[in-house]
Amino acid sequence: MFDADKLLNGRNSQYTFWLVIMLLLALILDNMVFGPRIGGLTGNYILPTIMWGFIILVLSKFPGTRAAGKLRLHKLLCYLALMCFLLSVLAQIMHGLLATFGQSPYDRSLFGILINLVSIGALVTGMEMGRAWLMNRHFLRKPVIGIPLIGLLFTSFSISLNKITGLHDGLAVIKFMGMNYIPELGQSLLSTYLVFLGGPLPAIIYRASLMAFERISPVLPNANWPIQTLFGVLVPVLGFMLVRVIYREETREERPIAQEDTPLEMVLTSLAIVVIIWFSLGVFSYSPRVILSGSMQPNIDIGDIVIIKEINAEQARVGDVIMFPLNNMLVTHRVIDIQQKDGKKYFTTKGDGNTEPERDPVIEENVKGKVIMVIPKAGRITMLMRGGV
Numbered sequence: 036m037f038d039a040d041k042l043l044n045g046r047n048s049q050y051t052f053w054l055v056i057m058l059l060l061a062l063i064l065d066n067m068v069f070g071p072r073i074g075g076l077t078g079n080y081i082l083p084t085i086m087w088g089f090i091i092l093v094l095s096k097f098p099g100t101r102a103a104g105k106l107r108l109h110k111l112l113c114y115l116a117l118m119c120f121l122l123s124v125l126a127q128i129m130h131g132l133l134a135t136f137g138q139s140p141y142d143r144s145l146f147g148i149l150i151n152l153v154s155i156g157a158l159v160t161g162m163e164m165g166r167a168w169l170m171n172r173h174f175l176r177k178p179v180i181g182i183p184l185i186g187l188l189f190t191s192f193s194i195s196l197n198k199i200t201g202l203h204d205g206l207a208v209i210k211f212m213g214m215n216y217i218p219e220l221g222q223s224l225l226s227t228y229l230v231f232l233g234g235p236l237p238a239i240i241y242r243a244s245l246m247a248f249e250r251i252s253p254v255l256p257n258a259n260w261p262i263q264t265l266f267g268v269l270v271p272v273l274g275f276m277l278v279r280v281i282y283r284e285e286t287r288e289e290r291p292i293a294q295e296d297t298p299l300e301m302v303l304t305s306l307a308i309v310v311i312i313w314f315s316l317g318v319f320s321y322s323p324r325v326i327l328s329g330s331m332q333p334n335i336d337i338g339d340i341v342i343i344k345e346i347n348a349e350q351a352r353v354g355d356v357i358m359f360p361l362n363n364m365l366v367t368h369r370v371i372d373i374q375q376k377d378g379k380k381y382f383t384t385k386g387d388g389n390t391e392p393e394r395d396p397v398i399e400e401n402v403k404g405k406v407i408m409v410i411p412k413a414g415r416i417t418m419l420m421r422g423g424v
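One point on numbering: in my numbering, the residue at position 326 of the sequence shown is 361, and numbering is uninterrupted.
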């Protein structure tokens, strides 16, 4: 007896197999052949563009898929994708203002801009067509499974193999996760959500705009990796929330009060939690501390939270409030004098609320960091939980 569903599923599996094979081959060729072995204009631009053009042609022959979103809201999704891009641009400006801007390493001649735009267009179109086909062919009715799964899959396709093979120690792994993998995962999840609702076009607008801005902009943020990680993680999460809230409002979808978070929401929440945990553990070279004494009053009060930036002794100056160990605890006092003895620096410190400086100077290796920000009264809840005043 003829089983149409079985035949359709079998054909879907064949198309899926060849699509994944094509994407894997593209990853291998791009990372191991075109750039490293051929190089130049041909290896870095022409051959990858031809390869992705071929993938686009093949994908155009695949059976069609439909997105989950309403057709009348497709234009809205394109605008939302553009808003996510503009949100990222705003974040990059803030990123640069917090640190510095550096000159772009990309060729900004007319020819350079054109070849970059063509190669970006081919790459992003091929990737997002593949993403949309896999997501909407297999997970149209199971988005809470499909969006995280496809997001993870395409994150793997987007990460350069050279960045993975160059990881030699724990710090390198942490930097890779923070600067590359987790931000790419966030963008990939957002792109997968966009293709689920509106097909490949909204995701193409989002991803192509991001890449084009990076290649065309004359200056780019030049910050350390912790700040880059922070913005790289939070911006896609905010973009996802923006699309989700506005789209639900336009479709007048109401979420039951008692409905539990979906696995996708848990993934997005986890991204934000990673940032908070890393920050709290000092992975970003910044860590918060609750002030428990009044030695720095009136500038720093009991119950305030100070943000400590990890520094070495060479960076400490007179007037800085530094953190150092004293009597089995960490103390934050102001540097009032620096002396050089036997090739080492010794820091004389004093609490702003104290009449006399500390008797023993702080040796340079005991300087753990300096206060860069004070958040008044933010630690009161922590003190109450610990039984403090």
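Virtual Cβ for every residue (Gly too), placed ideally from N, Cα, C.
Measure the Cβ-Cβ separation of Phe-189 and Met-162 and say whether it is below 8 Å.
yes
How is Phe-174 classed by DSSP in three states: helix, strand or coil?
coil
Tell me which residue opens and which closes the beta strand (DSSP E) that Tyr-381 is part of.
379-385
Pick helix, strand or coil for Ile-194, following the three-state DSSP scheme.
coil
Based on Cα-Cα distance, which residue from Asn-334, Gly-147, Arg-394 lies nearest to Gly-354?
Asn-334
Spatial distance of Ile-346 from Leu-220 (CA atoms):
31 Å
Need the endpoints of the alpha helix (DSSP H) that Lys-110 sits in, please.
109-133
Use the C-beta contact count for Lys-210: other C-beta atoms within 10 angstroms, 16 or more gives buried, fewer gives exposed.
buried
Run through DSSP, which three-state label would Pro-98 get?
coil
With distances taken from CA atoms, which of Pro-360, Lys-385, Glu-399 is nearest Asp-377?
Glu-399
In DSSP terms, what Gly-233 is bridged to:
Gly-233 pairs with nothing; no bridge assigned.
Sub-8 Å separation of Leu-225 and Cys-119 beta-carbons
yes
DSSP puts Arg-369 in a beta bridge; with which residues?
Val-356, Lys-385
Note down the Cα distance separating Thr-52 from Tyr-282, rounded to an integer number of angstroms.
The question names Thr, yet the displayed sequence has Phe at residue 52. So the alpha carbons of these two residues sit roughly 33 Å apart.
Beta-carbon contacts of Leu-370 that lie in its chain and below 8 Å, excluding the five residues immediately before and after
Looking at the sequence itself, residue 370 is Val, so the reference to Leu does not match. Correct list, in chain order: Ala-351, Arg-352, Val-353, Gly-354, Asp-355, Val-356, Ile-357, Phe-382, Thr-383, Thr-384.
Nearest-angstrom Cα distance between Phe-248 and Leu-112?
20 Å
Nearest-angstrom Cα distance between Asn-151 and Arg-250?
7 Å
Counted within 10 angstroms of its Cβ, other Cβ atoms place Lys-96 as buried (16 or more) or exposed:
exposed
For the pair the segment 180-196 and the segment 163-170, tell me if three or more CB-CB distances fall below 8 Å.
yes
Rank Gly-104, Ile-155, Met-57, Val-93 by C-alpha distance to the C-alpha of Ile-81 and give the top, closest one.
Ile-155
Could you tell me the boundaries of the beta strand (DSSP E) in which Ile-407 lies?
404-410
So, helix, strand or coil for Pro-71, using DSSP?
helix
Cβ atoms of Gly-78 and Gly-70: under 8 Å apart, would you say?
yes
Mapping the DSSP letters down to three states, classify Arg-324 as helix, strand or coil.
strand
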